[in-house]
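Undergrad:
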Amino acid sequence: MKIKRAMRVWQRHFMVYTKLYKSSIALNFVEPVMYLVAMGFGLGGYISEINGKPYINFIAPGIIASSSMFATVYECTYGTYVRIFFQKTFDAILATPVNIDDLIAGEIIWGATKSTLYGIIIIGTISAFHLVDSFFVLLIIPVVFLSGLVFAEISLICVALVPGIDSLNYFYTLFLTPMFLFSGIFFPLDAFPVFVGKIAYFTPLFHLTSICRALSAGNPAGAVEGVVWILVVAVLLVPFTFRFMRKKIIK
Amino acid sequence: MEIITASGLTKNYGSFKAVDNVSFSILSGECFGFLGPNGAGKTTIMRMIYCFMPPTRGEVTVFGHSVTRDPGHIKSRIGVVPQEESLDLDLTVLENIIVYGRYFDIPRKKSQPIAMELLSSVGLLERMNENIKNLSGGMKRSLLLVRSLVNDPELLVLDEPTTGLDPHSRQMVWHGLKQLQERGKTLLLTTHYMEEAQRLCNRVAIMDRGKIVVVASPKDLMEQYGGDLEEVYLRLTGRKLED
Numbered sequence: 003m004k005i006k007r008a009m010r011v012w013q014r015h016f017m018v019y020t021k022l023y024k025s026s027i028a029l030n031f032v033e034p035v036m037y038l039v040a041m042g043f044g045l046g047g048y049i050s051e052i053n054g055k056p057y058i059n060f061i062a063p064g065i066i067a068s069s070s071m072f073a074t075v076y077e078c079t080y081g082t083y084v085r086i087f088f089q090k091t092f093d094a095i096l097a098t099p100v101n102i103d104d105l106i107a108g109e110i111i112w113g114a115t116k117s118t119l120y121g122i123i124i125i126g127t128i129s130a131f132h133l134v135d136s137f138f139v140l141l142i143i144p145v146v147f148l149s150g151l152v153f154a155e156i157s158l159i160c161v162a163l164v165p166g167i168d169s170l171n172y173f174y175t176l177f178l179t180p181m182f183l184f185s186g187i188f189f190p191l192d193a194f195p196v197f198v199g200k201i202a203y204f205t206p207l208f209h210l211t212s213i214c215r216a217l218s219a220g221n222p223a224g225a226v227e228g229v230v231w232i233l234v235v236a237v238l239l240v241p242f243t244f245r246f247m248r249k250k251i252i253k
Numbered sequence: 225m226e227i228i229t230a231s232g233l234t235k236n237y238g239s240f241k242a243v244d245n246v247s248f249s250i251l252s253g254e255c256f257g258f259l260g261p262n263g264a265g266k267t268t269i270m271r272m273i274y275c276f277m278p279p280t281r282g283e284v285t286v287f288g289h290s291v292t293r294d295p296g297h298i299k300s301r302i303g304v305v306p307q308e309e310s311l312d313l314d315l316t317v318l319e320n321i322i323v324y325g326r327y328f329d330i331p332r333k334k335s336q337p338i339a340m341e342l343l344s345s346v347g348l349l350e351r352m353n354e355n356i357k358n359l360s361g362g363m364k365r366s367l368l369l370v371r372s373l374v375n376d377p378e379l380l381v382l383d384e385p386t387t388g389l390d391p392h393s394r395q396m397v398w399h400g401l402k403q404l405q406e407r408g409k410t411l412l413l414t415t416h417y418m419e420e421a422q423r424l425c426n427r428v429a430i431m432d433r434g435k436i437v438v439v440a441s442p443k444d445l446m447e448q449y450g451g452d453l454e455e456v457y458l459r460l461t462g463r464k465l466e467d
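First to last, the sequence lines map onto chains G and B. Heads up: the first sequence runs through residues 3 to 253, numbered per the working numbering. Heads up: the second sequence runs through residues 225 to 467, numbered per the working numbering.
(1) At the level of alpha carbons, what is the spacing between proline 222 of chain G and phenylalanine 138 of chain G?
(2) Applying a beta-carbon distance threshold of less than 8 Å, which residues of chain G neighbour glutamate 308 of chain B?
(3) According to DSSP, which residues form a beta bridge with alanine 429 of chain B?
(4) When Cβ atoms are compared, which residues of the stretch 272–287 of chain B fall closer than 7 Å to chain G?
(5) Under 7 Å Cβ to Cβ from valine 75 of chain G, same chain only, skipping five residues before and after it: list those, please.
(6) Quick check on this structure: which residue in B:Glu420, B:Gln403, B:Val381, B:Val374 has the alpha carbon closest to the alpha carbon of proline 391 of chain B?
(7) Could I get the ranges of all uninterrupted beta strand (DSSP E) runs contained in the stretch 302–344 of chain B, with 3 residues as the minimum, in chain order?
(8) Buried or exposed: which applies to asparagine 262 of chain B, given that a residue is buried once 16 or more other Cβ atoms fall within 10 Å of its Cβ?
(9) Taking 8 Å as the threshold, find out whether the stretch 82–99 of chain G comes into contact with the stretch 304–322 of chain B through three or more Cβ pairs.
(10) Would a C-beta distance cut-off of 8 Å place alanine 8 of chain G and glycine 108 of chain G closer than the cut-off?
(11) Do you know whose CA, among B:Ser239, B:Gly253, B:Tyr449, lies nearest isoleucine 228 of chain B's CA?
(12) Are the stretch 270–286 of chain B and the stretch 316–326 of chain B touching, with three or more C-beta to C-beta distances below 8 Å?
(13) Answer with buried or exposed for glutamate 466 of chain B, where buried requires no fewer than 16 other C-beta atoms within 10 angstroms of its C-beta.
(14) Check whether the stretch 26–41 of chain G touches the stretch 121–131 of chain G, taking contact to mean three or more Cβ pairs, one atom from each stretch, closer than 8 Å.
(15) Tell me the DSSP secondary structure of leucine 239 of chain G in three-state form.
(16) In this structure, does DSSP put serine 136 of chain G in helix, strand or coil?
(17) Rounding to the nearest angstrom, what Cα-Cα distance links leucine 349 of chain B and lysine 266 of chain B in this structure?
(18) With DSSP as the reference, please indicate the residues paired to arginine 281 of chain B in a beta bridge.
(19) Jot down the residue ranges of each uninterrupted alpha helix (DSSP H) in the stretch 356–442 of chain B, minimum 4 residues, whole runs only, in chain order.
(20) Indicate whether at least one CB of chain G lies closer than 8 Å to the CB of serine 290 of chain B.
(21) Does DSSP put aspartate 467 of chain B in a helix, in a strand, or in coil?
(22) For proline 306 of chain B and aspartate 383 of chain B, which I take to be in contact (beta-carbon distance under 8 Å), what is that distance rounded to the nearest angstrom?
(23) Could you name the residues of chain B that arginine 14 of chain G contacts, counting a contact when the two beta carbons are closer than 7 Å?
(24) Can you give me the start and stop residues for the alpha helix (DSSP H) that isoleucine 250 of chain B sits inside?
(25) Below 8 Å on the Cβ atoms is my guess for arginine 301 of chain B versus leucine 379 of chain B; work out the distance and round it to an integer in Å.
(26) Tell me, please, which residues DSSP counts as bridged to glutamate 165 of chain B.
(27) Nearest chain B C-beta to isoleucine 143 of chain G closer than 8 Å, yes or no?
(28) Please state whether DSSP places lysine 341 of chain G in a helix, a strand or coil.
(29) For serine 290 of chain B, name the three-state secondary structure that DSSP assigns.
(30) Using a threshold of 7 Å, is the CB atom of histidine 416 of chain B nearer than that to any non-hydrogen atom of the ligand SAH?
(31) Return the CA-CA distance between glutamine 13 of chain G and isoleucine 110 of chain G, expressed in angstroms with no decimal places.
(32) Given this structure, state the Cα-to-Cα distance separating arginine 371 of chain B from tyrosine 57 of chain G, to the nearest angstrom.
(33) What's the gap between the Cα of serine 136 of chain G and the Cα of phenylalanine 208 of chain G?
(34) Within 10 Å of its beta-carbon, does lysine 299 of chain B have 16 or more other beta-carbons around it, so buried, or fewer, so exposed?
(35) Relative to the C-alpha of lysine 253 of chain G, which candidate in B:Trp398, B:Ala242, B:Leu359, B:Gly232 has its C-alpha closest?
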């Protein structure tokens with residue numbers, strides 16, 4: 003795998019994105035802001051405080067986590083699937099000096115870039131709403147790139163394993179939605195039996211949410227464990243991602 | 225000089241033998257055609273030559289390099305026109321060539337003038353900023369063809385370059401391929417059209433069920449078996465007529 007060739011693939015995706023961003027930004031940006039407003043102000047009206055903060059301040063950092071995750075997951079599930087099987091983009095690229103490993107790496111790095119992009123947008127938005135307490139919030143930017151690698155890897159593994167595009171719905175319903183709900187974004191998991199928190203510990207969004215919350219509150223020490231978790235998982239998933247994708251594409 | 229050599233080439237998909245122990249060689253500057261019914265193994269051979277899939281057994285070398293050991297080198301020197309339309313639908317006509325050129329490490333500054341020249345050679349220059357969706361089938365084929373030329377390849381691999389085209393567009397593609405051959409490029413193509421093979425190919429290989437039945441020039445085949453190339457083809461592959 004050559005990083006230079008992987009970046010050729012990245013450049014292609016970036017070029018397409020700069021043409022189409024207006025339509026996808028609505029999906030990835032308006033939706034999290036609606037969550038923030040609806041839950042923060044709507045539900046927040048009935049909840050006095052969580053962990054000593056107004057409810058909207060409690061959920062705001064979590065919205066960085068979820069919206070960056072969804073940006074990557076959309077890109078690397080439906081986006082990648084369409085590129086492989088409908089638009090034949092992979093076939094065209096693989097007839098050039100870019101090889102399968104470069105191509106997979108390009109998809110992963112691009113997926114992580116989308117996380118970073120949407121992370122930045124949401125950080126800007128919640129900062130404008132005065133929902134952030136510390137400049138440490140800026141450290142979230144490199145972190146969402148790392149978590150973007152994890153989400154891209156999981157998504158590509160999923161693309162490689164599903165028999166058809168409709169089956170991707172299972173990934174959303176059975177994995178993403180529960181992870182989204184039980185990641186600690188909307189409520190702390192303390193109120194649940196201990197095993198809920200234990201299961202959540204094995205999901206990347208739970209850690210990303212805690213990191214975002216710690217850094218927005220100006221508590222970098224509280225982010226360390228999560229960052230290590232994400233880093234380790236990002237590395238562990240690399241061989242699986244490449245092996246499954248190679249197998250899916252090269253017959 | 226031999227540009228491609230295949231020996232004992234075999235590709236299995238599970239228990240199905242798509243290509244079954246074939247050997248052939250293709251000379252520099254010639255136009256070589258693979259003829260055969262659907263499922264005869266033509267596309268599979270092409271895909272192994274342009275390093276898209278590895279052989280199950282046997283060996284192919286292109287420019288003296290092995291497709292399994294040195295695919296990067298081979299791919300940098302060839303152009304591929306795949307059977308399936310693989311243009312980038314999210315990009316314009318011009319961007320399609322520029323982005324493709326970038327995969328060969330050709331920077332935009334260099335690829336843009338090349339792209340404009342290529343587009344003008346197929347009459348697509350004034351449509352360079354258009355969306356791929358607005359192109360006719362013939363224009364898309366022409367674009368696929370010129371896209372494969374952006375790296376000035378020595379060998380061009382074309383998988384059914386004119387399937388689905390109207391007679392006018394087909395003539396246009398043939399004209400383009402003739403010109404490339406005159407410029408010394410080696411052409412390797414698969415086709416269902418005997419007229420295409422007869423007009424373009426110096427030699428053809430007729431395939432059936434994963435095996436090469438015969439390799440010869442169209443002229444020799446017609447002399448040896450009698451009738452036109454289509455009759456020869458049907459006789460050599462026409463199991464359904466006999467069954």
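Here a beta-carbon is modelled for each residue, glycine too, at the ideal position from N, C-alpha and C. Computed from a prediction, not measured in an experiment: that's the story for all the values here.
TA: In short:
(1) Start at 1 with the first residue of the first sequence, and residue 222 of chain G comes out as number 220. Start at 1 with the first residue of the first sequence, and residue 138 of chain G comes out as number 136. Approximately 7 Å between the Cα atoms of the pair.
(2) Residue numbering aside, residue 308 of chain B sits at position 84 when the second sequence is read from its first letter. Ordered by position in chain G, the residues that pass the 8 Å Cβ test against glutamate 308 of chain B are Lys90, Asp93.
(3) Within the second sequence, the letter at position 205 stands for residue 429 of chain B. According to DSSP, alanine 429 of chain B bridges with B:Phe258, B:Val439.
(4) Tyr274, Phe276, Met277
(5) Along the first sequence, one-based indexing puts residue 75 of chain G at 73. Counting only Cβ-Cβ distances below 7 Å, and skipping sequence neighbours, we find Phe153, Ser157, Leu178.
(6) Here residue 391 of chain B corresponds to residue number 167 of the second sequence, with the count starting at 1. Comparing Cα-Cα distances from proline 391 of chain B to each of B:Glu420, B:Gln403, B:Val381, B:Val374, the minimum goes to B:Glu420.
(7) 302–305
(8) Within the second sequence, the letter at position 38 stands for residue 262 of chain B. The residue is exposed, with fewer than 16 neighbouring Cβ atoms inside 10 Å.
(9) yes
(10) Counting from one through the first sequence, the residue named residue 8 of chain G turns up at place 6. Counting from one through the first sequence, the residue named residue 108 of chain G turns up at place 106. Yes, Cβ-Cβ distance for alanine 8 of chain G and glycine 108 of chain G is below 8 Å.
(11) Taking the second sequence and counting its residues from 1, one reaches residue 228 of chain B at position 4. If we check each option's Cα against that of isoleucine 228 of chain B, B:Gly253 comes out closest.
(12) no
(13) What you label residue 466 of chain B is simply residue 242 of the second sequence in a count that begins at 1. Low confidence applies to glutamate 466 of chain B: its pLDDT is 48, below 50, so where it sits in the model is not reliable, and the reading given next is rough at best. It is exposed - the Cβ of glutamate 466 of chain B has fewer than 16 other Cβ atoms within 10 Å.
(14) yes
(15) Walking along the first sequence from the start, residue 239 of chain G turns up at place 237. It is helical.
(16) In the first sequence, counting from the first residue as 1, residue 136 of chain G sits at position 134. DSSP places serine 136 of chain G in coil when its eight states are reduced to three.
(17) What you label residue 349 of chain B is simply residue 125 of the second sequence in a count that begins at 1. What you label residue 266 of chain B is simply residue 42 of the second sequence in a count that begins at 1. Each residue's Cα considered, the two are about 33 Å apart.
(18) Reading the second sequence from its first residue, position 57 is the one you call residue 281 of chain B. B:Thr234, per the DSSP bridge assignment.
(19) 361–371, 391–406, 418–424
(20) Against the second sequence, residue 290 of chain B aligns to sequence position 66. So, not an interface residue.
(21) If you number the second sequence from 1, residue 467 of chain B lands on position 243. Residue placement at aspartate 467 of chain B is flagged as unreliable, the pLDDT there being 48, under the threshold of 50; a coordinate-derived value is accordingly withheld.
(22) The residue given as residue 306 of chain B occupies position 82 in the second sequence. The residue given as residue 383 of chain B occupies position 159 in the second sequence. At roughly 6 Å, the Cβ-Cβ gap stays under 8 Å, so proline 306 of chain B and aspartate 383 of chain B are in contact.
(23) Working through the first sequence from its first residue, we reach residue 14 of chain G at position 12. The contacting residues are Val323.
(24) For the purposes of this step, residue 250 of chain B is identified with residue 26 of the second sequence, where counting begins at 1. Premise fails: isoleucine 250 of chain B lies in the beta strand (DSSP E), 240–251, not in any alpha helix (DSSP H).
(25) By one-based count along the second sequence, residue 301 of chain B stands at place 77. By one-based count along the second sequence, residue 379 of chain B stands at place 155. Confirmed, about 7 Å.
(26) Because chain B spans 225 through 467 in this model, residue 165 of chain B falls outside it and cannot be assessed.
(27) Counting from one through the first sequence, the residue named residue 143 of chain G turns up at place 141. Isoleucine 143 of chain G does not count as touching chain B.
(28) Only positions 3 to 253 of chain G appear in this structure, which leaves residue 341 of chain G out of reach.
(29) As a position in the second sequence, residue 290 of chain B is number 66, starting the count at 1. If DSSP states are grouped into helix, strand and coil, serine 290 of chain B belongs with the strands.
(30) The ligand SAH is not part of this structure, which contains no ligands at all.
(31) For the purposes of this step, residue 13 of chain G is taken as residue 11 along the first sequence, with counting starting at 1. For the purposes of this step, residue 110 of chain G is taken as residue 108 along the first sequence, with counting starting at 1. One C-alpha to the other measures close to 13 Å.
(32) Taking the second sequence and counting its residues from 1, the one referred to as residue 371 of chain B is at position 147. Taking the first sequence and counting its residues from 1, the one referred to as residue 57 of chain G is at position 55. Between arginine 371 of chain B and tyrosine 57 of chain G, the C-alpha separation is close to 56 Å.
(33) The residue given as residue 136 of chain G occupies position 134 in the first sequence. The residue given as residue 208 of chain G occupies position 206 in the first sequence. Distance between the alpha carbons of serine 136 of chain G and phenylalanine 208 of chain G: 21 Å.
(34) Here residue 299 of chain B is taken as the residue at index 75 of the second sequence, counted from 1. Under this definition lysine 299 of chain B is a buried residue.
(35) Numbered from 1 along the first sequence, position 251 holds the residue referred to as residue 253 of chain G. The shortest C-alpha separation from lysine 253 of chain G is found at B:Ala242.
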